[in-house]
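Below you'll find the structure, written out as C-alpha cells, and then a few comments.
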Amino acid sequence: MHILRLSAVVFSLALPFSALAQTAPDAPAPESQVEPPMTYERLGRILAALDPELEPNGASFALTLAEMPMLVVTDSSADRMRAMVPIRPAEGLSGEELLRMMQANFDSALDARYAVANGTVWATFIHPLSALQRDQLISGLGQTVNAAQTYGTLYSGGAMQFGGGDSGNLQRQLIDDLLKKGEEI
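What the sequence shown shows, in mature numbering (1 follows the signal peptide of the UniProt record, and there is no 0), is residues -21 to -1, 1 to 164, in sequence order.
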C-alpha cells in the first residue's frame, strides 16, 4: 500500500519537475568560460564584494546581507561550505512550525533550508566548496536571506516554487481569504 502511494506521489511530482526542466537555463557555458574552483580566498573576495564590511575569522566569514547577519563557514578538507542566518531560538518551536519548515524545505525554500541546531532555528545554504560557482553562491545566499525573512509567513527562498508540495496551497489560502473578505465590500 505504501509503495502504491509513493508511486502516485512520484508520478505527481514528475510533471512539475519536467515542466521546470523545460524552463531551465541553457547548457553550461563553453569550457573557455568555466569558472575556477571555489576556494576560501575566492569565496572571501565574492563575499567582500557583497558586503565591504565582511569580517573574516579563521575558516569563516561574518557579513550582513539585506540587514540580516550571516555566517559563512568553510571546511576545505571536507570540501564544504555552509551559509547560515539565525532566525529565532528553537525553544518553544511548535510542531506546526516544524511541519511548515519541512514542507517549505520540500518545495519553496529552494536551495536554502530551514534547520535547527544549537538551540537556534536557522536558514541555511550548504554546498560542496570547490564545485560552487559564483552565481550559485550569490543565489544561495539570497535564498537563505529570503528564507529567514519569510519565516512565519511564506517560508520561501524567493525564486520559484516546485509543484507537488504543500506550500502553494498554503500560500494561496491568504489570497483566497482576502478575496473572500473583498466580496463583502
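The C-beta atom is built at its ideal place from N, Cα and C for all residues, glycine as well.
Close Cβ partners of residue i (< 7 Å) along its chain, the five nearest in sequence each way excluded
{"i": "residue 111", "result": "17, 60"}
{"i": "residue 113", "result": "14, 25"}
Buried versus exposed, by CB contacts within 10 Å (16 or more), residue i
{"i": "residue 24", "result": "exposed"}
{"i": "residue 74", "result": "exposed"}
{"i": "residue 89", "result": "buried"}
{"i": "residue 51", "result": "buried"}
Continuous alpha helix (DSSP H) stretch holding residue i: start and end
{"i": "residue 125", "result": "113 to 128"}
{"i": "residue 83", "result": "74 to 86"}
Where the beta strand (DSSP E) containing residue i begins and where it ends
{"i": "residue 34", "result": "34 to 36"}
{"i": "residue 63", "result": "59 to 68"}
{"i": "residue 134", "result": "Neither: residue 134 is in no beta strand (DSSP E) and is coded neither H nor E."}
{"i": "residue 49", "result": "47 to 54"}
{"i": "residue 22", "result": "Premise fails: residue 22 lies in the alpha helix (DSSP H), 19 to 29, not in any beta strand (DSSP E)."}
{"i": "residue 107", "result": "99 to 107"}
Spatial distance of residue i from residue j (CA atoms)
{"i": "residue 28", "j": "residue 43", "result": "12 Å"}
{"i": "residue 134", "j": "residue 47", "result": "16 Å"}
{"i": "residue 77", "j": "residue 127", "result": "14 Å"}
{"i": "residue 85", "j": "residue 91", "result": "10 Å"}
{"i": "residue 53", "j": "residue 132", "result": "30 Å"}
{"i": "residue 171", "j": "residue 130", "result": "Limits of the chain in this structure are -21 at one end and 164 at the other, which puts residue 171 out of reach."}
{"i": "residue 71", "j": "residue 93", "result": "16 Å"}
{"i": "residue 82", "j": "residue 125", "result": "16 Å"}
{"i": "residue 15", "j": "residue 58", "result": "15 Å"}
{"i": "residue 95", "j": "residue 115", "result": "24 Å"}
{"i": "residue -12", "j": "residue 35", "result": "Its pLDDT being 39, under 50, residue -12 is placed unreliably in this model, and the coordinates cannot settle the point."}
{"i": "residue 56", "j": "residue 103", "result": "20 Å"}
{"i": "residue 62", "j": "residue 105", "result": "6 Å"}
{"i": "residue 19", "j": "residue 109", "result": "9 Å"}
{"i": "residue 137", "j": "residue 31", "result": "24 Å"}
{"i": "residue 64", "j": "residue 117", "result": "14 Å"}
{"i": "residue 21", "j": "residue 122", "result": "20 Å"}
{"i": "residue 4", "j": "residue 107", "result": "Per-residue confidence for residue 4 stands at a pLDDT of 43, beneath the threshold of 50, marking its modelled position as unreliable; the derived number appears in the next sentence. Distance between the alpha carbons of residue 4 and residue 107: 21 Å."}
{"i": "residue 66", "j": "residue 37", "result": "24 Å"}
Own chain partners of residue i with C-beta closer than 8 Å, once the 5 adjacent residues on each side are dropped
{"i": "residue 68", "result": "98, 99, 100"}
{"i": "residue 39", "result": "50, 51, 52, 53"}
{"i": "residue 33", "result": "23, 26, 27, 40, 41, 42"}
DSSP beta-bridge partners of residue i
{"i": "residue 39", "result": "36, 52"}
{"i": "residue 89", "result": "Note: residue 89 sits in no beta bridge, so no partner."}
{"i": "residue 96", "result": "99"}
Cβ-based neighbour list, residue i, same chain, cut-off 6 Å, excluding 5 preceding and 5 following
{"i": "residue 119", "result": "90, 104"}
{"i": "residue 45", "result": "124"}
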